[in-house]
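Enquirer: Before we start, here is the structure in question, set down as structure tokens.
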Amino acid sequence: MVAERYKKYLLGIALIITIFVFAAGLLVGSTFDTYQTDELLLSVRQNELETQSFLVEQQFVDTFGGQCDSMTSRVETVQKSIAETGRKLTLLENSLKYTGTDDFEYLKNKHLISKVQLFTLLKNFEETCGVNYDIILFFYQVNHSKSITQGFALDELTEKNPDIVILSIDKDYEKEPLVSLLVARYNIEKAPTLIINDEKIEGFISTENIENYIN
Amino acid sequence: MLELFIYRLILYVISFIGLFMAIFWISVLYIEEDSLEEETFEGKPPNVSILIPAHNEEDVIAETIESALAVNYPKTKREIIVLANACTDRTEEIAKRYKEQGVKLISIKEPGKGHAVNIGLQKQKGEFTVILDADSIATHNLLEVLLPKFNDPKVAGVKTSIKVWKPNNLLEKLQWFEYINTGLVHKLMSILDVLYLTPGVFSIYRTDALRKVGGFDENILTEDIEIAVRLLHNGYKIKSSLAAMPFTKVPHTLKGYHSQRLRWARGFFATMLKHKEMFFKKEFGLLGLFMLPISFIMPILVILSTIVVAYTLLDIVFKSLFVKLLTGEFFYNLSAPVLDFSALFWTVILVIFGIYVLYKSIKLFREKAFYPVAGFLFFTAYPFVKSFYWFLGAIYELAGVKKVWRGDVRW
Numbered sequence: 281m282v283a284e285r286y287k288k289y290l291l292g293i294a295l296i297i298t299i300f301v302f303a304a305g306l307l308v309g310s311t312f313d314t315y316q317t318d319e320l321l322l323s324v325r326q327n328e329l330e331t332q333s334f335l336v337e338q339q340f341v342d343t344f345g346g347q348c349d350s351m352t353s354r355v356e357t358v359q360k361s362i363a364e365t366g367r368k369l370t371l372l373e374n375s376l377k378y379t380g381t382d383d384f385e386y387l388k389n390k391h392l393i394s395k396v397q398l399f400t401l402l403k404n405f406e407e408t409c410g411v412n413y414d415i416i417l418f419f420y421q422v423n424h425s426k427s428i429t430q431g432f433a434l435d436e437l438t439e440k441n442p443d444i445v446i447l448s449i450d451k452d453y454e455k456e457p458l459v460s461l462l463v464a465r466y467n468i469e470k471a472p473t474l475i476i477n478d479e480k481i482e483g484f485i486s487t488e489n490i491e492n493y494i495n
Numbered sequence: 017m018l019e020l021f022i023y024r025l026i027l028y029v030i031s032f033i034g035l036f037m038a039i040f041w042i043s044v045l046y047i048e049e050d051s052l053e054e055e056t057f058e059g060k061p062p063n064v065s066i067l068i069p070a071h072n073e074e075d076v077i078a079e080t081i082e083s084a085l086a087v088n089y090p091k092t093k094r095e096i097i098v099l100a101n102a103c104t105d106r107t108e109e110i111a112k113r114y115k116e117q118g119v120k121l122i123s124i125k126e127p128g129k130g131h132a133v134n135i136g137l138q139k140q141k142g143e144f145t146v147i148l149d150a151d152s153i154a155t156h157n158l159l160e161v162l163l164p165k166f167n168d169p170k171v172a173g174v175k176t177s178i179k180v181w182k183p184n185n186l187l188e189k190l191q192w193f194e195y196i197n198t199g200l201v202h203k204l205m206s207i208l209d210v211l212y213l214t215p216g217v218f219s220i221y222r223t224d225a226l227r228k229v230g231g232f233d234e235n236i237l238t239e240d241i242e243i244a245v246r247l248l249h250n251g252y253k254i255k256s257s258l259a260a261m262p263f264t265k266v267p268h269t270l271k272g273y274h275s276q277r278l279r280w281a282r283g284f285f286a287t288m289l290k291h292k293e294m295f296f297k298k299e300f301g302l303l304g305l306f307m308l309p310i311s312f313i314m315p316i317l318v319i320l321s322t323i324v325v326a327y328t329l330l331d332i333v334f335k336s337l338f339v340k341l342l343t344g345e346f347f348y349n350l351s352a353p354v355l356d357f358s359a360l361f362w363t364v365i366l367v368i369f370g371i372y373v374l375y376k377s378i379k380l381f382r383e384k385a386f387y388p389v390a391g392f393l394f395f396t397a398y399p400f401v402k403s404f405y406w407f408l409g410a411i412y413e414l415a416g417v418k419k420v421w422r423g424d425v426r427w
């Protein structure tokens, strides 16, 4: 019978094919992951560039004098694209595969620096140009349902009020000294915590309540 | 983090084993397609005894006896014995009507199918013994196609490929798919000599082998699985035939289904425990090293995958509800933590394999009907139902719940 000849090898043959199919699956998964990371890398770089350009423009205005008006629209663009990157980052952050990898940590760090830079710039801008921004610092925790929910509430808020600037910061991100600096400055203990125009609010707060705070 | 790590680990392990099993059986199917052909019996027709165990089967017994009488075989070479087991209805009366056609009747007071068949085994004269359940219907060619399997003196039992008799409701249609699918898998198992069951619907045994191993076990709920494993344990082989296709009437109510499946699961578990020394033993070849252990752990894997799927769905539902509660808005992109493209890829491959095997089965069973809704459920929900019964059976057996051979449903 044909069976006798192959019987011995059947388990081996099946195992080899299985390993191939399994590996193909891993490849499909990692190709998709790489695509996502690449896309993220691109937007982090873009933000970096925009923040820097904004910084230079502000220095220019400081030194040579100029119109504060022209800069208002710039602020909006920068803040929007930083917020978008933040959203992408959070989505990836909640997926186990990315957290902890060097690439991801690098991106997260860069993004965070851009955010703090933007925060400082805005504060400066408020002083030099006499404008007033509604800035919300959002301290969150990774994989923390209430933090995720707060994130969605803030997304909703910016959709309604594009002028509001939201800077989200992973409060436990010890790799970046800037985070410790901010956490100490505002004495952050739990997540989510919002700093709305220098006022501290702990725990989840709905979109309507944030609006009340701002107005 | 740990929770997600465990989630992924389970997902990957299940995917790997699932793929391996599918690829293994498809390889057997591919390599052995020629072995699906049937042979003819060598030598003179032997004496065959057809035993029909029946417990309160007045509705179906006549049809079963008539189908046994209609099997193509020299009349002098076959005997038909109805084993009326603790019957309180008209079963015996109906069976007596066939006396003139040579149908014998044995009344057995003590209930228990194993017990009934053992009494039949003592009284019958054939070199080969057929067990034909009273809820089943034999087809004309059965003996012609089954007997050739015994050309190999090591073969002690041959099972048939059972079809579901006129499926009407969804439950019966699901079982229609199940019987067809397992029919092909059992054939493939038989090619590799790892088949370990001979269902009572219509199975044929070498009588002296049955007597040598001590007849049927009267304490196990599925004496038809146990006897097959015991024959294998004693060095015999079990074969399956795709040419022989008797019919069986499957439970058409959930209650009937529940009681049948619980009995099967308990019987399976008890049989595995009884023959546990066969596991991982080299002398039993593929059966001991691979088939028995994998059959035993497969339901655990299906249960684990149920948990994984449930976790994924609940994660999405609960997170969405949680956010809805806090913000009044629904967000759908919450499933990000559990989206895995590798797993998605493997699932697609597995579904393709499943459809291919089912297509092959339907072709081999020469079936023309097709039930799309039942077919969909067979792939999606049915494995979980089967695994559920596996667990229930294990719990009942381990807890030592009293065995009831029959209730108000068929055995």
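Line by line, the protein sequences give chains A and Z.
Residue 405 in our numbering sits at position 125 of the first sequence, and the numbers go up by one each step.
Residue 106 in our numbering sits at position 90 of the second sequence, and the numbers go up by one each step.
Beta carbons: idealized from backbone N, C-alpha and C, even for Gly.
1. How close, in whole Å, do the beta carbons of A/Leu-502 and A/Leu-387 come, if the pair is a contact with beta carbons under 8 Å?
2. Between A/Phe-344 and chain Z, is there a C-beta pair that is closer than 8 Å?
3. Mind checking the segment 282-307 of chain Z against chain A and listing, in chain order, the residues whose C-beta falls within less than 8 Å of any C-beta there?
4. Return helix, strand or coil for A/Lys-455, following the three-state DSSP convention.
5. To test your reading of the DSSP string, which unbroken beta strand (DSSP E) runs of 3 or more residues are found completely within the segment 227-289 of chain Z?
6. Taking its Cβ as the centre, do 16 or more other Cβ atoms sit within 10 Å of Z/Asn-349, making it buried, or is it exposed?
7. Grouping DSSP H, G and I as helix and E and B as strand, with all else coil, what is Z/Asp-75?
8. Chain A partners of Z/Asp-331, CB-CB under 9 Å?
9. State yes or no: is the beta carbon of A/Ala-294 nearer than 8 Å to at least one beta carbon in chain Z?
10. Out of curiosity, what's the CA-to-CA distance linking A/Val-422 and A/Pro-442?
11. Taking one C-beta from the segment 152-164 of chain Z and one from the segment 260-279 of chain Z each time, how about it: are there three or more such pairs within less than 8 Å?
12. Quick one: grab the DSSP three-state call for Z/Gly-416.
13. With a threshold of 8 Å between beta-carbons, can A/Val-341 be considered close to chain Z, or not?
14. How many angstroms separate the CA atom of A/His-424 from the CA atom of Z/Val-29?
15. Report the three-state DSSP secondary structure of Z/Ile-313 (helix, strand or coil).
16. Give every residue of the same chain whose Cβ lies closer than 7 Å to the Cβ of Z/Ile-110, excluding the five residues on either side of it in the sequence, and list them in chain order.
17. At which residues does the beta strand (DSSP E) containing A/Ile-449 begin and terminate?
18. A/Ser-323 and A/Lys-360 - do their beta-carbons sit closer together than 8 Å?
19. Chain Z beta carbons: is any one of them nearer than 8 Å to that of A/Leu-306?
20. Taking 8 Å as the threshold (C-beta atoms), are A/Ile-416 and A/Phe-399 in contact?
21. Where do the ends of the beta strand (DSSP E) carrying Z/Val-64 lie?
22. With DSSP as the reference, label Z/Phe-381 as helix, strand or coil.
23. For A/Phe-340, which three-state DSSP category applies?
24. When you compare each of A/Val-459, A/Thr-408, A/Ile-362, A/Gly-309 to A/Thr-438 by their alpha carbons, which one comes out closest?
25. Could you pull the start and end residues of the beta strand (DSSP E) that Z/Phe-395 belongs to?
26. Near Z/Ala-352, what residues of its chain come up, given a Cβ to Cβ distance below 7 Å and the 5 sequence neighbours on each side ignored?
27. Taking the alpha carbon of Z/Ala-84 as the point to measure from, which residue in Z/Lys-120, Z/Gly-173, Z/Asp-105 has its own alpha carbon closest?
Expert: Let me lay it out:
1. Summary: the structure shown does not reach residue 502 of chain A, with chain A confined to residues 281 through 495, and so no result is reported for it.
2. no
3. Listed in sequence order: Leu-302, Phe-306.
4. coil
5. Runs found: 253-256.
6. With a pLDDT of 48 at Z/Asn-349, under the threshold of 50, the predicted position of this residue should be treated as unreliable, though the coordinate-derived value follows. It counts as exposed.
7. coil
8. Identification of chain A residues near Z/Asp-331 by a Cβ-Cβ cut-off of 9 Å yields none; the smallest Cβ-Cβ distance measures about 10 Å.
9. So yes, A/Ala-294 belongs to the interface.
10. Computed Cα separation, rounded: 25 Å.
11. yes
12. coil
13. no
14. 27 Å
15. helix
16. Glu-74, Ile-77, Ala-78
17. In the DSSP annotation of this structure, the continuous segment of the beta strand (DSSP E) that includes A/Ile-449 starts and ends at 445-450.
18. no
19. Yes - at least one Cβ of chain Z is within 8 Å of the one on A/Leu-306.
20. no
21. Following the DSSP letters along the chain, one finds Z/Val-64 inside the beta strand (DSSP E) bounded by residues 64-70.
22. Of the three classes helix, strand and coil, the one that applies to Z/Phe-381 here is coil, per DSSP.
23. helix
24. A/Ile-362
25. Where Z/Phe-395 is concerned, there is no enclosing beta strand (DSSP E), although the alpha helix (DSSP H) it sits in stretches over 388-396.
26. Any answer about Z/Ala-352 is weak, because its pLDDT of 46 lies below 50 and its placement is not dependable; what the coordinates show is given next. Within the same chain, Z/Ala-352 has no close Cβ partners at all.
27. Z/Lys-120
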